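Residue numbers (the numbering used here): 30 to 170.
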């Protein structure tokens, strides 16, 4: 687990979300994970867990620098996505999840859709025939 405590005053203000992440491969196999997402002013922390297994992956997404993924051995379309779009993802999360703005980005081999309504956000990312669906609910502090 991570701690939301911080000595840096710019990181003291945050919003905390929990939900599900569904990964669907090009072979139509779907894997479900639990998620916690914490959005600070200049970075977002995404923690992905699997029941009975624990932490599977931690992702730090920053406003103005490359994303960090742990464990580092992970290689997937998610890594490729974050290498290309990582600097934008924090802003997309902030705009959609925190400010309830719908986001629709459509490119040749990539799409990002996000909508928020009634304290619930739905994000869908398509990368080269793989689909990531995230459903988030705002947690009370």
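No residue lacks a Cβ here, since even glycine has one placed at the ideal position from N, Cα and C. Everything numeric in this text was worked out from a predicted model, so none of it was measured.
Let's see if you can read the secondary structure: which residues bound the beta strand (DSSP E) around residue 67?
What you label residue 67 is simply residue 38 of the chain shown in a count that begins at 1. Residues 59–69.
Applying the 10 Å Cβ sphere with the 16-neighbour rule, what's the burial state of residue 99?
Reading the chain shown from its first residue, position 70 is the one you call residue 99. Its Cβ having fewer than 16 others within 10 Å, residue 99 is exposed.
For the ligand ATP, any of its heavy atoms closer than 8 Å to the Cβ of residue 63?
The model depicted lacks the ligand ATP and carries no ligand whatsoever.
Return the residue from the list 131, 138 and 135 that minimises the CA-CA distance to residue 151.
Position 122 of the chain shown, counted from the first residue, corresponds to residue 151. Of the candidates 131, 138 and 135, the one whose C-alpha sits nearest the C-alpha of residue 151 is 131.
Tell me the residue span of the beta strand (DSSP E) that contains residue 123.
Sequence index remark: in the chain shown, residue 123 carries index 94 (1-based). First-last for residue 123: undefined, no H or E at that position.
Neighbour-count burial assignment, residue 55, 16 or more Cβ in a 10 Å radius
Mapped onto the chain shown, residue 55 falls at position 26. With fewer than 16 Cβ atoms within 10 Å of its Cβ, residue 55 is classed as exposed.
Taking Cβ to Cβ, would you say residue 164 is nearer than 9 Å to residue 148?
Counted from its first residue, the chain shown places residue 164 at position 135. Counted from its first residue, the chain shown places residue 148 at position 119. In this structure, residue 148 does not lie closer than 9 Å to residue 164 by Cβ.
When the Cα atoms are used, what is the spatial distance from residue 88 to residue 97?
For this step, residue 88 is matched to residue 59 along the chain shown. For this step, residue 97 is matched to residue 68 along the chain shown. For residue 88 and residue 97, the distance between alpha carbons rounds to 6 Å.
State the DSSP-derived secondary structure class of residue 79, mapped to helix, strand or coil.
Translated into positions along the chain shown, residue 79 becomes position 50. Strand at residue 79.
Where the beta strand (DSSP E) containing residue 140 begins and where it ends:
Here residue 140 corresponds to residue number 111 of the chain shown, with the count starting at 1. Element bounds for residue 140: 139–146.
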